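**Q** The sequence shown begins at 1102 in our numbering and counts up one residue at a time.
C-beta atoms are modelled at their ideal positions from N, C-alpha and C, and glycine is treated no differently.
Nothing here was measured: the structure is a model prediction, and the numbers come from that model.
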Amino acid sequence: MNAVNPAEITLTPTMEGPASAAVVPAEALRIGTGRTRRFVGLEHGAGVSYFFVDNEPGEGPGLHWHPYTETWVVLEGTAEITMGDHRLIAAAGDTATVPAGVWHRFENVGDGRLKVLCIHASAVIVQTWADED
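Structural data, given as structure tokens:
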């Protein structure tokens, strides 16, 4: 493990907050009339983006991939996660990460709602769907 040498840190911390500091209301991130929310980091000065997914049993996104890693944090329920030719079961409290360029999807395989935070290691969301023409 490489330790950080304090002499290499050039950032000087400040107590002055950014003029653009704000809370982003959940409703401002909602996609359509569903319960899923999308946060695009670039629009808010962040280096990461995310989807907050709230799905009923049997629901989940289709097969797709990203040019960056994606990390899932299961907040509630049970998900079957497909990463390439691997299938995993993740329950509330579990975390899984798919590497860049790997086809993946997940589905709510539980009896109740599935709530997942899908963290994209990018300030913008780039998705290529398997069923795109």
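#1: Excluding sequence positions up to five away, which residues of its chain have a Cβ less than 7 angstroms from the Cβ of Gly1178?
#2: On the criterion of 16 or more Cβ atoms from any shown chain inside 10 Å, does Gly1133 qualify as buried, or is it exposed?
#3: In or out: Ile1182 buried (at least 16 other Cβ within 10 Å) or exposed?
#4: Rounded to a whole number of angstroms, what is the C-alpha to C-alpha distance between Val1175 and Thr1111?
#5: Per the contact definition of three or more C-beta pairs closer than 8 angstroms, is the region 1148–1155 in contact with the region 1190–1206?
#6: In whole angstroms, what is the alpha-carbon distance linking Glu1144 and Glu1117?
#7: With DSSP as the reference, label Leu1130 as helix, strand or coil.
#8: With DSSP run on the structure shown, which of helix, strand or coil describes His1221?
#9: Can you look up Glu1160 in the DSSP assignment and give me helix, strand or coil?
**A** Reading it off the structure:
#1: The residues are Ala1193, Asn1209, Gly1211, Gly1213, Arg1214, Leu1215, Lys1216.
#2: Exposed, by the Cβ-count rule.
#3: buried
#4: 36 angstroms
#5: no
#6: 21 angstroms
#7: helix
#8: strand
#9: coil
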